[in-house]
Amino acid sequence: MVPLSYYLVLSGILFACGVMGFLIKRNIITIFMSIELMLNGVNLSFVAFAAQWHALSGQVFVFFVMVVAAAEAAVGLAIIIAVYRTRETLNVDQVNLLKL
Amino acid sequence: MMPNLNLWLIPVLPLIGAALNGLFGKRLTRQAVASAALAFSGAAFGLALFVAARFSTLELPHVETVAQWIRAGNFRADFAFYLDQLSLVMLLVVTGVGFLIHIYSVGYMWEEGGFYRFFSYLNLFMFFMLTLVLANNYLVMFIGWEGVGLASYLLIGFFFLRDSAASAGKKAFIVNRVGDFGFLIALFLLIKHFGSLDFTQVFQQVASLSPETAGAGLLTAIGLLLMVGAAGKSAQLPLYVWLPDAMEGPTPVSALIHAATMVTAGVYMVARSHMIFEHAPIALTVVAIIGTLTALFAATIGIAQTDIKKVLAYSTISQLGYMFMACGVAAFSAAIFHLMTHAFFKGLLFLAAGSVIHAIGGEQDMRKMGGLKEKIPWTFWTMTAGTVAIAGIPPLAGFFSKDEILWRAYQASWAYWLIGLFTAFLTSFYMFRLWFMTFTGSYRGATKEQHAHAGPAGHAEHGTHLGRDQAASRAAGAPAPHGHGGIHESPRVMLVPLVILALLSVVGGWIGIPGSMGGGNHFDKFLAPVFHTSTPSLNTQHATPGEVAPPEKQTEGPEPQTSRATELLFTGISVFAALLGFVMAAIFYYLRPELPDEIAHALGGFYHAVLNKYYVDELYSILFVKPVVDGSRRILWHGVDQSVIDATLDDSADGARHISDTLRHMQSGNIRSYAGWVAAGAAAVIAYMVWMGAR
């Protein structure tokens, strides 16, 4: 049996990778994927705890998160396509029309 | 049960007229406006006559309370009206002369714009003036007092497009404020010490006080402050400066407000407060001195004026000075007598002057008049009546009232009499100067060639021609340009009031023929119950205040035989002074017209000082107006407003902007930096929790 701490460390690493990617990357799609990475890092800790404590609610929660993430992916990709069509770039630093 | 005369209707009727014309007059025709104004002011006059007819049956003073107004603790002030002999005289003068001037105005103002506005203001003035004279307490009087000031302001500035008229209105209002300030403080003192503003109550309490001899007494202070108010309203030194400028208003206004009625409000107020003044000899002396000096001062200025209305304005100030002189020597009934006769002849003079101005197309400079005697005979004869009346030549009205004042002034002090006599001479001189310059000699105006084409046709035909012209424009009901074919007599609607006032100027004095001339001095007797302390013997020390002297004693004086001879002698002297003024004016302005210039040249600086009204306006400008304007500009505007109030706001706004400018860099708009902060914050929270958990 793999101890819980392993899962949690992996989950933390995944989350940290997501945060770093989100902060560093300029491409919207990469940022988007970083968000997914963070979500999945959290998901991993949910299921790890659920298995540890033999409680189903953690697993159920993960399904909710995945549903929301899928919906978010659909909306987010649509926005990304719309941004690309109007701005012809995916660099977030150039999508700054609302900035003073 | 006292009969209810509905006194409140008398002031309220003109108010309704004012409201009608003010609110709807713009949509009404001139005929409707004029008839509304005349109906309501005429109704007020009719009611006043009705009151006068019922007067002998009344128990005096007759008080009618209409409504409660202020009830605060022990203090009460109601909307109440007070009728006694004094109010009745004022009531009849105000409504009577006012009504006549309303009639005259219909003709005079027919072709002016703002016809309805004019009559609305005129009726409004009547309302306030009647409130003033009928008031039962000082507070209601103060309403009227302020209200006539407002009406006066509105009417002086009637031609508000003309800058001089607008500023003259403001000047009148501001100068009056100075006087009102004194009046108001006097009212506060009355409330503080007598707990009431009611005439009857205040006078009862005052009557029980002993006369003050010290200068710092309460009644002296009240009297002096009331006099400040009176000086403002009645154009006495040093607050007279607004009245000459008030001639910017239409001439009927000058006649009604600035000669016959409103300016006499101060005299009325002092006479009404006679109880206070009689208990404050010092205040009374001040009243007499101010009146005497004003009479002389204004008369000397009047000599050199060339504007026909300005001469009359200074003459008004001078005559008001006479009235205050009479008040100051406790001859209140003489003051009111002169007030009444003055209302007749000065109203007449102004209206006649208006008729002259009307006749020659708006020219007011007497140097451009002359020879108008044949051209406008009605105006000429009525004006002659007025001039002779004011000059004090018997048996016209002015003679009796002025003679009475001079005689009573002499009993107080020969100095008052001497100055008064000299002023009487000056009055006669400048009035006949006006008369000669206007009516005799040859016409010096510019419209000679215009006049020529109408001249040979004969005056009567010329008159009818213009009459038709005016009738046409009247029927059209539209303001037509003044069809000025030349010098012409005024329409009948203007002449009738002139004639009536002329008759009153002739006979108006006969009700007050003194005992020394075989008359009964009915006027003095009539007013005696009001001024029951003002006996002739009082001149020494006002010794018997509050005592009701037997009425017979008042007209006769202490030593009837000797004083009668002396009185007749003094009458002779004042008539001589008046005639001397006439002769001098005749010499200077009729027989040898080149003399005035030579004398003016010889007098040099003094003449210029008089011509420029002793530079009083300039002096006030330096003393009061300039400091106020400069102080306002430098201290209040640049100093307080700009560098304190504005600066506080501007600087705080600037500060907010600077701080925001600095802080806004936190909001870079860079999402990743926000996310970085969020992550850092989260990390900090987690670190804290881990550390807490580890403990």
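Listed in order, the protein sequences are those of chains A and B. Position 24 of the first sequence, counting from 1, maps to 17 under the working numbering, and the rest follow consecutively. Position 563 of the second sequence, counting from 1, maps to 973 under the working numbering, and the rest follow consecutively. Every residue, glycine too, gets a C-beta built ideally from N, C-alpha and C.
Between the stretch 628 to 636 of chain B and the stretch 683 to 691 of chain B there are three or more C-beta pairs closer than 8 angstroms, enough to call the two in contact. In the pairwise beta carbon analysis, the stretch -5 to 3 of chain A is classified as touching the stretch 32 to 52 of chain A: at least three pairs are separated by under 8 angstroms. Contacts between I1081 (chain B) and chain A, judged by CB atoms closer than 8 angstroms, involve V85 in chain order.
In the three-state reduction of the DSSP assignment, F734 (chain B) falls in the helix class. Here the C-alpha atom of L7 (chain A) lies approximately 17 angstroms from the C-alpha atom of I1096 (chain B). Runs of alpha helix (DSSP H) with 4 or more residues, each lying fully within the stretch 998 to 1045 of chain B, are found at 1005 to 1013, 1015 to 1021, 1026 to 1030 and 1036 to 1041, listed in chain order. Contact annotation: M672 (chain B) and V558 (chain B) have beta-carbon atoms nearer than 7 angstroms. Burial state of F809 (chain B) is buried, judged by a 10 Å Cβ sphere holding 16 or more other Cβ atoms.
Interface annotation, F42 (chain A): not in contact with chain B, CB-CB separation never under 7 angstroms.
Counting C-beta pairs closer than 8 angstroms gives fewer than three between the stretch 572 to 586 of chain B and the stretch 708 to 715 of chain B, which falls short of the contact rule. Judged by beta-carbon spacing, M793 (chain B) lies within the 7 angstroms limit of A762 (chain B), meaning their Cβ atoms are closer than that value. Its Cα nearest to that of Q478 (chain B), the residue B:F489 stands out among B:F489, B:L1073 and B:H472. Within the stretch 426 to 448 of chain B, not one residue has a Cβ closer than 8 angstroms to any Cβ of chain A. Between the C-alpha atoms of P804 (chain B) and L937 (chain B) there is a straight-line separation of about 23 angstroms.
Contact check for A582 (chain B) against W520 (chain B) fails: the beta carbons are separated by 7 angstroms or more.
Under the DSSP assignment, V798 (chain B) falls in the alpha helix (DSSP H) whose first and last residues are P787 to A801. Secondary structure at E81 (chain A): coil, using DSSP grouped into helix, strand and coil.
Residues G589 and G592 of the same chain have their beta carbon placed closer than 6 angstroms to that of V638 (chain B), with the five preceding and five following residues left out of the count.
Counting C-beta pairs with one atom in each stretch, the stretch 833 to 847 of chain B and the stretch 746 to 755 of chain B have fewer than three that are closer than 8 angstroms, which means they do not touch. Along the stretch 46 to 65 of chain A, there is no position whose C-beta sits under 7 angstroms from a C-beta of chain B.
At a cut-off of 7 angstroms, the C-beta of A1090 (chain B) has no neighbouring C-beta in chain A.
The Cβ of L30 (chain A) sits no closer than 7 angstroms to any Cβ of chain B. Contact of A1085 (chain B) with chain A by beta-carbon distance below 7 angstroms involves F15 and L16. The C-beta of F980 (chain B) has 16 or more other C-beta atoms within 10 Å across all chains shown, which makes the residue buried. When DSSP states are grouped into helix, strand and coil, N586 (chain B) belongs to the helix group. Contact of V35 (chain A) with chain B is not assigned, every C-beta pair being separated by 7 angstroms or more. For N547 (chain B), DSSP records a beta bridge to B:D608. Just measuring C-alpha positions, the residue of B:G605, B:Q614 and B:N414 sitting nearest T467 (chain B) is B:N414.
Taking a 10 Å sphere around the C-beta of T661 (chain B), we find 16 or more other C-beta atoms and assign the residue as buried. Ranked by how close their Cα comes to the Cα of H512 (chain B), the residues B:F460, B:R818, B:F455 and B:N484 have B:F455 in first place. In the DSSP assignment, L493 (chain B) falls within the unbroken beta strand (DSSP E) covering F485 to L493. With respect to the 7 angstroms criterion, G781 (chain B) and G851 (chain B) are classified as neighbours on the basis of their beta carbons.
Assignment of A482 (chain B) by DSSP, reduced to helix, strand and coil, places it in the strand class.
Pairing V798 (chain B) with G738 (chain B) gives a Cβ-Cβ distance that is not under 7 angstroms. From the listed residues B:I786, B:A740 and B:F528, the smallest Cα separation to Y820 (chain B) is found for B:A740. As computed with DSSP, D717 (chain B) is found in a beta bridge with B:D775.
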